[in-house]
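Take 365 as the starting number for the sequence shown in this note's numbering and just add one per residue. No residue lacks a Cβ here, since even glycine has one placed at the ideal position from N, Cα and C. Take a look at the structure set out below.
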Amino acid sequence: MLVIGVFKTHFDYGYTDLAENILKKYRKEIISKVIGVCSETEKNGDRLAYRWTLPAWLLMDIYGHCEEGIKAELTRLIKEDKITCHALPFTVHTELMSGRQLDDLFLPAQRFCKTFGKPFPISAKMTDVPGHTCAIIEPLVRHGVKFLHLGKNPYSLAPDVPLLFWWEDLKGNRMLTMYTQFYGSQTRPPRGWKYPVWLALNQTGDNEGGHSAAVIEEMRSALPKNWEFRTGSLDDFARELLGCDLSDLPVVRGELGDTWIHGGGTYPCVMGRYRRARSRFYELSDAAKEQGISLRREEEFRDLALQVVEHTFGINICRYIGYEREYEKKAFLKERETRPEYTFAEQSWEEQRRRIYGLEEMLGEMEKEVSVPVPEKNGKVPSRYAVSMEKGKPVVTLPSGRKAYLSYEYRIIGTDKLNMFMKKYMIRFSDWSTSDFGKMRYPEIPDRLFRGRLRECRQENGGLYLEYISPRESVSAYGNAGSYTLTAVPEEEGVRVRLHLKGKVATPFVEAGNMVFSVPEAHGTFAVQKCGIEIDVQKDVVRNANRILWATDEYARIGNVRLSSVDAPLVSFGRSAVSEWNGGGPRKYAPAFVVNLFNNHWGTNFPQWIEGDFDFEFLLSETNEAE
365 MLVIGVFKTH
375 FDYGYTDLAE
385 NILKKYRKEI
395 ISKVIGVCSE
405 TEKNGDRLAY
415 RWTLPAWLLM
425 DIYGHCEEGI
435 KAELTRLIKE
445 DKITCHALPF
455 TVHTELMSGR
465 QLDDLFLPAQ
475 RFCKTFGKPF
485 PISAKMTDVP
495 GHTCAIIEPL
505 VRHGVKFLHL
515 GKNPYSLAPD
525 VPLLFWWEDL
535 KGNRMLTMYT
545 QFYGSQTRPP
555 RGWKYPVWLA
565 LNQTGDNEGG
575 HSAAVIEEMR
585 SALPKNWEFR
595 TGSLDDFARE
605 LLGCDLSDLP
615 VVRGELGDTW
625 IHGGGTYPCV
635 MGRYRRARSR
645 FYELSDAAKE
655 QGISLRREEE
665 FRDLALQVVE
675 HTFGINICRY
685 IGYEREYEKK
695 AFLKERETRP
705 EYTFAEQSWE
715 EQRRRIYGLE
725 EMLGEMEKEV
735 SVPVPEKNGK
745 VPSRYAVSME
755 KGKPVVTLPS
765 GRKAYLSYEY
775 RIIGTDKLNM
785 FMKKYMIRFS
795 DWSTSDFGKM
805 RYPEIPDRLF
815 RGRLRECRQE
825 NGGLYLEYIS
835 PRESVSAYGN
845 AGSYTLTAVP
855 EEEGVRVRLH
865 LKGKVATPFV
875 EAGNMVFSVP
885 EAHGTFAVQK
895 CGIEIDVQKD
905 VVRNANRILW
915 ATDEYARIGN
925 VRLSSVDAPL
935 VSFGRSAVSE
945 WNGGGPRKYA
955 PAFVVNLFNN
965 HWGTNFPQWI
975 EGDFDFEFLL
985 SETNEAE
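Written as structure tokens, this is what we have:
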């Protein structure tokens, strides 16, 4: 048996500190210690020398910002394959990306290869996040990656997959995939492992950096004396494994849907501006190519856009704020005003917003470099859609005569529901995990559902203009918007719906704001389009992956009724999906689109309270194809 020891740390672009401080630590303290261990173990000989593997973006960031003395040693070790990278930049929430953007995942590794004259890595790794869309398989294959390692957070329920399998997308592309229940893998293979090579992936914790020189002998001494042990990279293991007979490996087809994807709803303003900036960028990039123009900051834009979807969206709440948190409004506001930890948390969330400001600044410059032709409009085209009020509620009449009922709802998640979610989803319990996946010391409260009172209704030019006042308690005790406006305007391609939330206030109670499009007579396939592929959520999702909430790229549909959500990515069918879990077998869905506009279910990383004015845009349409 050959055991290949691979050494990594888990990179969190945040969590343990502000992102800017974490990068400073990697650029000096961490890389200096790793260089020292590499130098110290050179006396062991090449087969037992310490080798460190990093995500490609992080390695190139260190190389670009470290001191000259460090850079010289780092360059030497990279050329000697003592320090290397895998094919991906870092761990991302793949579902928050677009199909076109997936190819940008490989840009940092391409820069690494160009800088150091190295072949492109054949292995890739993501850590912590339990699941990813199968849309990533095709770009992995296209860029020459042959092996993917996924190591999950040890407290999350894993998708129902074996340790080693061929992961197949809906087009038949396959990726050799190892899925482990922890960040890395143990030193010895598990019982039943039948291949002559094993990956001992020794991964330190979040931003802990490298190992001590003693780790090599510790691992070697834990193995039988007749086994061979050597250090290496993920590529080294992949090449050995691919040389084995893998003909009887199981094939897992479909989505390993991200069960952490609700985090995308904690930044409603960021997500909307990010999605719009991304769409505008591709318009400008395409126009520039057609006109033979090179956009000066195109690569910089792509790089920063990747950072937005890196899986760490803020600091570790249980470390910095702690388990003893106040939820009642007055006590919460007092803590927020007086405790510096609250200010520090908000400072970490602002880092994500600054990335959006950076993207928008670059777009402004690009728009001066290239012009995008505006399509000519041949006057006003009559719409096949209509909007009206029925019993005080806005209704869309589709071309088929079917009706869609529109409403905004605000929910507070009660203790029982939150506890039930944790019981179904978590596989280990501790103060830490309860705080991360739910809320520690959460008060005993029931579920609450609030809907607004219609204050004004106007019908102009075939459209509806509605203004609502929210129930007082939903604002004073919790975190609802004080008022909101809803407009629905028929257009040629569908009904354009806009929702403006005014004066949403902060609350630490678990909340969810949803825009609901109920279409009682809709039937057929329940599908979502994400990262360039369409997923039938009843057929294409692997057991114990996310079967209830998805991040859409372009649309969701029920049969031939389609909803495009411009700003808010999260969609469920039939009911609100925040603090809900259904990872089991296929379920029946009620014919309604439920778009989550915001939520704060996460107990760490992501914003714990949300406030401000927010705008959301949707297009509800009906295609001619019947199901």
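Per DSSP, the unbroken beta strand (DSSP E) holding Glu981 starts and ends at Gly976 to Glu986. Under the DSSP assignment, Met726 falls in the alpha helix (DSSP H) whose first and last residues are Pro704 to Glu733. Closest in C-alpha terms to Glu981, from the list Ala932, Pro955, Tyr953 and Thr968, comes Ala932. Residue Lys803 holds the alpha-carbon nearest to the alpha-carbon of Cys682 among Lys803, Ile899 and Ala586. At the C-beta level, Glu690 and Pro971 stay beyond 9 angstroms of one another.
Taking 9 angstroms as the cut-off, the Cβ atoms of Tyr547 and Asp492 count as close. If you ignore the 5 residues before and after Trp914, its C-beta comes within less than 8 angstroms of the C-beta of Glu459, Gly621, Ile625, Val892, Lys894, Ile899, Val901, Ala920, Leu934, Val935 and Ser936, all in its own chain and listed in chain order. Secondary structure at Tyr547: coil, using DSSP grouped into helix, strand and coil. In this structure, the beta-carbon distance from Pro453 to Ala473 falls below 9 angstroms.
Excluding sequence positions up to five before and after Gly778, its CB lies within less than 8 angstroms of the CB of Ile809, Pro810, Asp811 and Arg812, all in the same chain and listed in chain order. Under the three-state reduction of DSSP, Met784 is assigned to helix.
In the DSSP assignment, Ser882 is bridged to Tyr769 and Ala956. For Phe881, the number of other beta carbons within 10 angstroms of its own is at least 16, and it is reported as buried. In the three-state scheme derived from DSSP, where H, G and I count as helix and E and B as strand, Ala915 is classed as strand.
Between Leu514 and Leu504 the beta-carbon gap is near 12 angstroms, outside 8 angstroms, which marks them as no contact. The stretch 481-564 contains, as complete beta strand (DSSP E) runs of 3+ residues, the segments 487-492, 511-516, 528-532 and 538-544 (chain order). Within the same chain, Cβ atoms closer than 6 angstroms to the Cβ of Lys372 are found at Thr417 and Gln567, the five residues on either side in sequence being excluded.
Ranked by Cα distance from His507, the first of Glu733, Ser520, His450 and Thr455 is His450.
Listed in chain order, the alpha helix (DSSP H) elements of length 4 or more contained wholly in the stretch 580-641 are 598-606. Around the beta-carbon of Glu502, 16 or more other beta-carbon atoms lie within 10 Å, marking it buried.
Separation of Thr439 and Ser643 (C-alpha to C-alpha, rounded to the nearest whole angstrom) is 37 angstroms.
Contact between the stretch 439-448 and the stretch 397-413 is established, with three or more Cβ pairs separated by less than 8 angstroms. Under the three-state reduction of DSSP, Asp904 is assigned to coil, being neither helix nor strand.
For Cys608, the number of other beta carbons within 10 angstroms of its own is below 16, and it is reported as exposed. About 5 angstroms separates the CB atoms of Phe593 and Arg584; that is less than 8 angstroms, so the two are in contact.
Ile447 sits in a strand when the DSSP states are folded into three classes. The three-state reading of DSSP puts Gln671 in helix, counting H, G and I together. DSSP places Ala845 in the strand class (E or B) of the three-state scheme.
Pairing Val736 with Glu857 gives a Cβ-Cβ distance that is not under 9 angstroms.
Taking 9 angstroms as the cut-off, the beta carbon of Ala709 is found no closer than this to the beta carbon of Gly826.
When secondary structure is reduced to three states using DSSP, Asp381 falls in the coil class, being assigned neither helix nor strand. For Met753, the enclosing beta strand (DSSP E) starts and ends at Ala750 to Glu754.
If you compare the alpha carbons of Ser520, Leu528 and Val367 with that of Ser794, the shortest gap goes to Ser520. Taking 9 angstroms as the cut-off, the Cβ atoms of Phe601 and Val370 count as close.
For Arg860, the uninterrupted beta strand (DSSP E) run begins and ends at Val859 to Lys868, by DSSP. Under DSSP, no beta-bridge partner is assigned to Lys435.
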